[in-house]
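Structure first, commentary second.
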Amino acid sequence: MVKQFKNVNELIKGISEDENFKKDAIKQISENGLGKFLSFLRCEHRMTQKELADKMGCSQGRVSKIESAKDDSLSIRDFIDYGNALGLELEIGFRSKEMKWVDMVKYHAFQMQRYLNNIVQVAKEDKALEEGALNFCFETLKNVPILILNTMSKLPKSRFNKPIDGTKGKVHISGPIQPQRDVNANNEAVAS
Amino acid sequence: MTEWRIEPTDAYARAHKYYEKKQSAELIAVLDNLDRYFKVVSHGVHPQFVVSGYIHDEGKGVRALDQKGGGKGKLRQTRLYVYPDVDQKVLYLITIGDKNSQKDDIKLSADFVIKLKGA
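Order-wise, the sequence lines are chains A and B. Reading the first sequence from the start, the letters are residues -14 to 177 in the numbering used here. Reading the second sequence from the start, the letters are residues 11 to 129 in the numbering used here.
Set out below in C-alpha cells:
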C-alpha cells in the first residue's frame, strides 16, 4: 500500500526504525524554523540568494548562512535587513501560551474589524473614498463567509459537502431583493 | 483544496534504512533540506521557483537536494532525489545516494518519472 506523509516529521516517524534517530532527527530539523521561513519568503518573492544578497549589500554566502542558521543565532538585525530587501516590514508580537486556535480566530476577527474601522476613518468626508470603503466592506462581507463555508465543508458531517468557489458561485447574503433606489439609500445610510 | 504530501518510493525507503544505520548524520542533514524544500512548496510556491544552493536540477523535473559535507563532523556529500508532481501535489522521494552512485541515481530517477507519467 502506498504511504503518504503530511510533513517530514511524520515521514521520519513513519519509516525510521531507531527511536534515538527519530528523536535526534526531529530535534535537529526543528532548530532552524526561522531560517526556513526566511527561505520561504525569498522563494515566494521569486528571488535567488544572489539577488537578495545584492539588495542586502552582502554576499550570497551571508544569505545562505542566515537561511540555514539555528534559530537562537539569528539577530533582529538579520530579520530587518532581510525584510527590507524583500520590501517587508518586521512585525514582532507575543501571545499567551494558553491561547487556543479558537482564541486566534476571535483575535483576528477583531483585528479585521479594527482595520476596517481604520479604512472607514480614512475615507470620511471624501465621497469617492467612502464609496470605495463601502464596496470593500461589502466585498469582505461576501468573501469571509465563503472562507468559513469552505472550512465547514471539510467536516465529515457537513451539509456543505462541496467547496464553494467564490469566483463561480454567488452567495446570497442580503434579504429580499430591493429596488435599486432603496439599495442606494441603504448604502448612503451605512456610509454616513 | 488538497495539501501537498510526501510519498517515499520503495527504493527511498531502503536507502533511508541503510543511511539511518550507516550514515545517520548525513541522512539528518538531507532530511533537514527536504524539510526546508517541502515547507516552501507546501506553502504554495511553485517548485520551479524554489531556488537555493542545495537544490540541483537533474532533468525531467527531478531535483537533487544535497548537503555539501564539511561542518564539524565532516559529513560525506549526500543527495536526496525528489520529483514534485505539481498536478497531484505529491513530492516523491526517489532515492538517496552519494558521489559514487550519482550516475545510477539520476538514471533511476529519470526512469521513475517516465514510468510515473506513463502510468
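Backbone N, C-alpha and C define an ideal beta-carbon position, used for all residues, glycine too.
C-beta contact flag for residue i and residue j at 8 Å
i       : j        : result
Tyr23/B : Ile0/A   : The residue you asked about is not Tyr; residue 23/B is Ala in the sequence shown. In this structure, Ile0/A lies closer than 8 Å to Ala23/B by Cβ.
Val72/B : Tyr91/B  : yes
Ile51/A : Leu23/A  : yes
Leu85/B : Gln77/B  : yes
Ala10/A : Ile16/B  : no
Tyr93/B : Phe122/B : yes
Asp45/B : Lys21/A  : yes
Met41/A : Tyr67/A  : yes
Lys49/B : Phe64/A  : no
Residues that residue i contacts on chain A, provided the C-beta gap is smaller than 8 Å
i       : result
Phe48/B : Asn(-8), Val(-7)
Asp42/B : Gln13, Ile14, Asn17
Residue closest to residue i, alpha-carbon to alpha-carbon, out of the options
i        : options                              : result
Leu126/B : Leu103/B, His53/B, Lys109/B          : Leu103/B
Phe121/A : Met97/A, Ser49/A, Met41/A, Leu37/A   : Met97/A
Ser52/B  : Asn110/B, Thr12/B, Ser119/B, Tyr64/B : Thr12/B
Lys12/A  : Val(-7)/A, Phe64/A, Ser49/A, Glu29/A : Val(-7)/A
Partners in chain A for residue i, counting only beta-carbon separations shorter than 7 Å
i        : result
His53/B  : Phe25
Lys125/B : What Lys125/B touches in chain A: nothing, since even the nearest Cβ is about 14 Å away.
Cβ neighbour criterion (16 or more within 10 Å) applied to residue i
i         : result
Ser60/A   : exposed
Glu2/A    : exposed
Leu126/A  : exposed
Thr88/B   : buried
Tyr29/B   : buried
His93/A   : exposed
Leu41/B   : buried
Tyr100/A  : exposed
Phe79/A   : exposed
His56/B   : exposed
Arg27/A   : buried
Ile(-3)/A : buried
Val87/A   : exposed
Ser81/A   : exposed
Val156/A  : Residue placement at Val156/A cannot be trusted, given a pLDDT of 48 that sits under 50; what the coordinates show is reported in the next sentence. The residue in question, Val156/A, is exposed, as its Cβ has fewer than 16 Cβ neighbours within 10 Å.
Thr136/A  : exposed
Val90/A   : exposed
Within chain B, partners of residue i - CB distance below 7 Å
i       : result
Thr33/A : Val61
Ser58/A : Those do not exist, as Ser58/A stays about 15 Å from chain B at its closest Cβ, beyond 7 Å.
Phe6/A  : Glu30, Ser34
Asp9/A  : Ile38
Chain-ordered neighbours of residue i on chain B, where CB pairs are closer than 8 Å
i          : result
Val(-13)/A : Glu17
Ile0/A     : Pro18, Ala23, His26, Lys27
Residues bridged to residue i [DSSP beta-bridge criterion]
i          : result
Asp95/B    : Val100/B
Asp67/B    : Arg73/B
Ile133/A   : Paired residues: none, contrary to the question.
Leu90/B    : Leu75/B, Ile106/B
Glu16/A    : Answer is none; Glu16/A lacks a bridge partner.
Glu17/B    : Tyr102/B
Phe(-10)/A : Ile16/B
Chain-ordered neighbours of residue i on chain A, where CB pairs are closer than 9 Å
i       : result
Glu36/B : Near Glu36/B there are no residues of chain A at all, since even the closest Cβ is about 12 Å away, more than 9 Å.
Cβ-heavy atom distance, residue i to the ligand FAD, below 7 Å
i        : result
Phe122/B : Absence of the ligand FAD is noted for the structure shown, with no ligands found whatsoever.
Where residue i meets chain B, residues with beta-carbon distance less than 9 Å
i      : result
Asp3/A : Glu30, Lys31, Ser34
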